[in-house]
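Positions -26 to -1, 1 to 290 (mature numbering (1 follows the signal peptide of the UniProt record, and there is no 0)) are the ones given, in order, by the sequence shown. Quick reminder that beta carbons are idealized off the backbone N, C-alpha and C, glycines included. Take a look at the structure set out below.
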Amino acid sequence: MGSCLPCAATSLLLLQLAVLASLSAAGHRRYHSIFNFGDSFADTGNKPVAYAWYSLPSNVMRPPYGETFFGHPTGRSSDGRLILDLIAAGLGLPFVPPYLAHGGSFGGGANFAVAGATALDAGFFHDRDIPGAGSKFPLNTSLDRLMKHGAKSIVVPGMIPSGCSPPALTSFYGRAGPADYDARTGCLREINELASHHNSLLQDALHELRSKHPDAAIVYADFFRPVMEMVESPRRFGFREDVLTVCCGGGGPYNFNESVACGGAAATACEDPSASLYFDGAHLTEAGYRHVADGWLSSINSCLCAHPHTMKLRRA
Ligand SMILES: *[C@@H]1O[C@H](CO)[C@@H](O)[C@H](O)[C@H]1NC(C)=O
Ligand SMILES: *[C@@H]1O[C@H](CO)[C@@H](O)[C@H](O)[C@H]1NC(C)=O
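Put into structure tokens, the structure is as follows:
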């Protein structure tokens, strides 16, 4: 077994999150570091640096951002820890350092997530005339490319049910009819169907990738179902009944107003963020992220335990 340890060192691309892993003597996988790619759901501090380059407004360095866990704003778009932070903690690892706000040592992993990042290059949106989507921060990478660089343990999250997101609900408010809403949840049906469709195509693509790379562990991380569970049964999770209302915002039916940013003087923040699912718009509170992270951690643990690569090493 000891002679096999070097070949067991693998990288887990979790979420868009890569983790270097190795087997311990007991046969359990242990991760040494996480490499993460993503957007504001996973940005742990790149935003303030990257937005300053382009003189883009950024409010995340003002209270109440960070109030629940860090006690001060960190660049995260939440009151506390993100899914990535909770997963790192769950795997016994330190917080993943944001690469722009860090000394440049990537030995402990690195976080390349930037708020507003897109998976596809800006040209894709430009060519199709999709307004507002021409991100300055395309990820400009692919799982194929990361796997060529040695990623072996990969977690890829699906889409959140964006038909429940307060910014979407606000922009359709007064324009959508009763039939456009799911009567049970108050979410926009077609937008959620689009997210589900995206997720099923993504899972097909991951299936194909698994057959091309049989020695890699590729985990699909469900972002849709855990958020729907919280929207459907807010009380079970300690949330207020008006679960689609944001904690920190600028008034209106969902307390969300695009022109009144959380952190600004005109915004109001709730007393207890742990009683809200949505923090400042599409982003969740730490309390919301925790339920999602718990599910992803159990997917990571069960997939990697059952993975053929791991079993082969166990037999060795
Ligand atoms: C993406 O990366 C490639 C190099 O890998 C580079 O040539 C290209 O300009 C990049 N595209 C963008 C939009 O940054
Ligand atoms: C958002 O805030 C602006 C500025 O205070 C206001 O003019 C506008 O009516 C608000 N929009 C909504 C939907 O509440």
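One or two residues paired with residue i in a DSSP bridge
i	result
C222	A243
V130	Y194
T92	P112
residue 293	Since the first and last residues shown for the chain are -26 and 290, residue 293 lies out of range.
Buried versus exposed, by CB contacts within 10 Å (16 or more), residue i
i	result
A115	The sequence shown places Thr at residue 115, not Ala. Answer is exposed; the Cβ neighbour count stays below 16.
Y147	exposed
H257	buried
D254	buried
G262	buried
D59	buried
A(-6)	Bear in mind that the predicted position of A(-6) carries a pLDDT of just 41, short of 50, making it unreliable; the figure below should be weighed with that in mind. It is buried - the Cβ of A(-6) has at least 16 other Cβ atoms within 10 Å.
Y252	buried
I104	exposed
A87	buried
K122	exposed
D53	buried
F80	exposed
L143	buried
Contacting residues, own chain, Cβ-Cβ under 6 Å from residue i (five flanking each side not counted)
i	result
G160	L218
T48	G19, G40
V234	G224, A240, A241
N10	L(-10), A16, L58, V70, N85, A87
V201	I134, P135
S272	none
Neighbourhood of residue i by C-beta, 7 Å cutoff - its chain only, sequence neighbours within 5 removed
i	result
F198	G132, M133, I134, P135, A169, S170, N173
C277	A191, V193
R264	L60
A91	G12, D13, S109, F111, P112, L113
Proximity test, Cβ basis, 8 Å: residue i and chain D
i	result
I61	Of the protein chains in the structure, only one exists, and it is not chain D.
Close beta carbons around residue i, own chain, < 8 Å, minus the five adjacent residues each side
i	result
R158	E206
A96	G108, S109, K110, P112
I need the residues with a C-beta less than 6 Å from some heavy atom of ligand 2; please give them in chain order.
Having a Cβ closer than 6 Å to some heavy atom of ligand 2 are G224, G225, G226, N231, S233, V234.
Would you check if there are 3 or more beta carbon pairs closer than 8 Å linking the stretch 67 to 79 to the stretch 5 to 18?
The stretch 67 to 79 makes contact with the stretch 5 to 18: 3 or more CB pairs, one atom from each, lie closer than 8 Å.
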